[in-house]
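Residue numbers (this note's numbering): 897 to 1487.
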């Protein structure tokens, strides 16, 4: 029989007690009974982060999922990228290669026999007398690998033919102060001043494997690198530069790529070697000339060319995926070799400048021309090949910055309650930022409202009722009417409250244990307190649900605790048959 005066009912607490053990106050000092917060105040860790807070041990959350038109590379702010402009348009279906020499941009029409220059106006096509397969620059001279030897141009003037005039050369490169070239499976080192028309002896006296072709060159501190392939096999070979610098050694293997991944370009820079492949890019460390590469960073369409400047390396990126299924576009990406946010050989990287139109063709070349980035996009059946140049005087009209999923390390739904956005500095007329919070942008905070021009002010919006297990934060940034100004985002904060998870209701039943208990009908009922206690013990030690009837309601419950007097009921021996008192039984009902 239950003692109604001591009957209790309640719930298991869903939030545990929190203690702040840190030496300084911060977000961890706030009570979890209020808003749960996630904040981001820098984006220089780059793209590719699918889970913003998936690893709760990460203190520095400086990455995002994807962007377009956004420059995240200054710590503590995100802004719009420089715009681009079309500076040259050539024939339909052309493939272009770019190099610079003496502040002149050379644009070779691969497969044709001519090139153009930008200086700063566009020249008429200049013939080299034979179809061009590749082009290289030393900074002052330009060489063309053609179907009839190596052609040389100095200061815009055609000078000489190097190598056998009847031989097709596939590649040419100026690396580590040497002019290198290849044809079929042979490698050559030319003198930069040779105009004899006679090809030097090849560096390699072996055939790597049938069908092997060399397709790219790169440099290291003490070695020159040559990349090639046959079928789905690809490798990079090293060529030793002798200590006195007078000669080169025979090629030997530096690294092999996984089957199905083909090397396309190589750049040695800031102590590492960047490998552009048919699947993306890898960063390799150097030891004795051998290369040990890290994980593959997948890039749609692969990487055809690399261009280092400062701490960055720009890489070609055609047909780029855009946030929220926006139309794909082509341009370049950028990696920061000074910062490896999560893995030792995976640098921060992100989408960078794009063609000003919706061109989606392959990007095969990127270069630096008069302190600006230029890149070339292939032509197709209906559109000419084009060259685009970074415009340092103008920002793109809009951009998107999308976070990885924010889950608060909890699988259950959370209720979105508040979003706060702050800007690093004032905005121009018409500029604004529209945050979209969702799994798929289902809630927009502040749509259509222009943010304050005043320094440090931003947006503070509330939305009630929307719930999800994870959220993404999408920031749609608009430039405004002044092309020379861009919004600069300094921080966002997402606040939620946990949606009540599956609740556990507690019932505490005080059972009267006596040998005779008077029921509601004033009749004495005989009982064996010890037998009843043993029966409850069996239920406590079992793993099955029991029926709990409270008045006219019945629940499935689990016996969680049985206690009698000052100790657990299991402490009572068999000879205590005559025990008297209150036995507390606690049951859990899972709702």
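Glycine included, C-beta positions come from ideal geometry on N, C-alpha and C.
C-alpha gap between residue i and residue j, whole angstroms
i: residue 1176; j: residue 1313; result: 40 Å
i: residue 1040; j: residue 1000; result: 16 Å
i: residue 1002; j: residue 1013; result: 5 Å
i: residue 1233; j: residue 906; result: 57 Å
i: residue 1218; j: residue 1034; result: 36 Å
i: residue 1250; j: residue 1017; result: 22 Å
i: residue 966; j: residue 959; result: 13 Å
i: residue 1222; j: residue 1271; result: 22 Å
i: residue 1487; j: residue 1401; result: 7 Å
i: residue 1336; j: residue 1220; result: Unreliable positioning characterises residue 1336 in this predicted model, as indicated by a pLDDT of 49, which lies under 50. The coordinate reading is nonetheless provided below. For residue 1336 and residue 1220, the distance between alpha carbons rounds to 8 Å.
i: residue 1435; j: residue 1453; result: 11 Å
i: residue 1046; j: residue 1026; result: 10 Å
i: residue 1329; j: residue 1299; result: 15 Å
i: residue 1379; j: residue 1276; result: 31 Å
i: residue 944; j: residue 936; result: 16 Å
i: residue 1173; j: residue 1227; result: 17 Å
i: residue 1409; j: residue 1334; result: 57 Å
i: residue 1048; j: residue 1375; result: 45 Å
i: residue 1079; j: residue 1037; result: 21 Å
i: residue 1429; j: residue 1460; result: 9 Å
i: residue 947; j: residue 1424; result: 60 Å
i: residue 1051; j: residue 998; result: 7 Å
i: residue 1310; j: residue 1363; result: 5 Å
i: residue 970; j: residue 940; result: 6 Å
i: residue 1420; j: residue 931; result: 56 Å
i: residue 1085; j: residue 1057; result: 15 Å
i: residue 1404; j: residue 903; result: 6 Å
i: residue 1279; j: residue 987; result: 8 Å
i: residue 977; j: residue 1128; result: 37 Å
i: residue 1042; j: residue 1022; result: 14 Å
Reference residue i; option with closest CA among the options
i: residue 1382; options: 1401, 1192 and 1294; result: 1294
i: residue 1072; options: 1146, 1163, 1147 and 1104; result: 1163
i: residue 1248; options: 1209, 1126 and 904; result: 1209
i: residue 1308; options: 1331, 1365, 1327 and 1261; result: 1365
i: residue 1117; options: 963, 1137 and 1385; result: 1137
i: residue 841; options: 980, 938, 1148 and 987; result: One cannot answer for residue 841 here, as it falls past the ends of the chain, which runs 897 to 1487.
i: residue 975; options: 1373, 1139, 1197 and 1157; result: 1373
i: residue 1259; options: 1231, 1292 and 1202; result: 1202
i: residue 1306; options: 1395, 1257, 1024 and 1102; result: 1395
i: residue 1031; options: 995, 1022, 1015 and 1044; result: 995
i: residue 1256; options: 1021, 1216 and 1246; result: 1216
i: residue 1412; options: 1390, 1477, 1459 and 1273; result: 1477
i: residue 1297; options: 902, 899, 942 and 901; result: 942
i: residue 1123; options: 1142, 1087 and 1081; result: 1081
i: residue 1196; options: 1190, 1392 and 1214; result: 1214
Where residue i falls: helix, strand or coil (DSSP)
i: residue 1238; result: coil
i: residue 867; result: With the chain covering only 897 through 1487, there is no way to say anything about residue 867.
i: residue 908; result: coil
i: residue 1426; result: helix
i: residue 1065; result: coil
i: residue 1219; result: helix
i: residue 1455; result: strand
i: residue 1008; result: coil
i: residue 1435; result: helix
i: residue 901; result: helix
i: residue 1195; result: coil
i: residue 1157; result: coil
i: residue 1311; result: strand
i: residue 1163; result: strand
Cβ pair residue i, residue j closer than 8 Å
i: residue 1443; j: residue 1483; result: no
i: residue 1368; j: residue 1325; result: no
i: residue 1302; j: residue 934; result: yes
i: residue 1245; j: residue 1225; result: no
i: residue 980; j: residue 1157; result: no
i: residue 1385; j: residue 1317; result: yes
i: residue 1004; j: residue 993; result: yes
i: residue 1481; j: residue 1407; result: yes
i: residue 1432; j: residue 1393; result: no
i: residue 1159; j: residue 1144; result: no
i: residue 991; j: residue 1274; result: yes
Are the region 1263-1271 and the region 1286-1301 touching by the rule of at least three beta carbon pairs closer than 8 Å?
yes
The region 1166-1184 in contact with the region 1235-1244 per 3-pair CB rule at 8 Å
Counting Cβ pairs under 8 Å, three or more are found: they touch.
So, do the region 1108-1124 and the region 1063-1071 have three or more beta carbon pairs nearer to each other than 8 Å?
As far as the Cβ criterion goes, the region 1108-1124 touches the region 1063-1071, which means the pair count is three or higher.
Measuring CB atoms only, is the region 1200-1209 touching the region 1156-1175, in the sense that at least three cross pairs come out at less than 8 Å?
yes
Taking three-plus beta-carbon pairs below 8 Å as touching, is the region 1142-1159 in contact with the region 1179-1198?
yes
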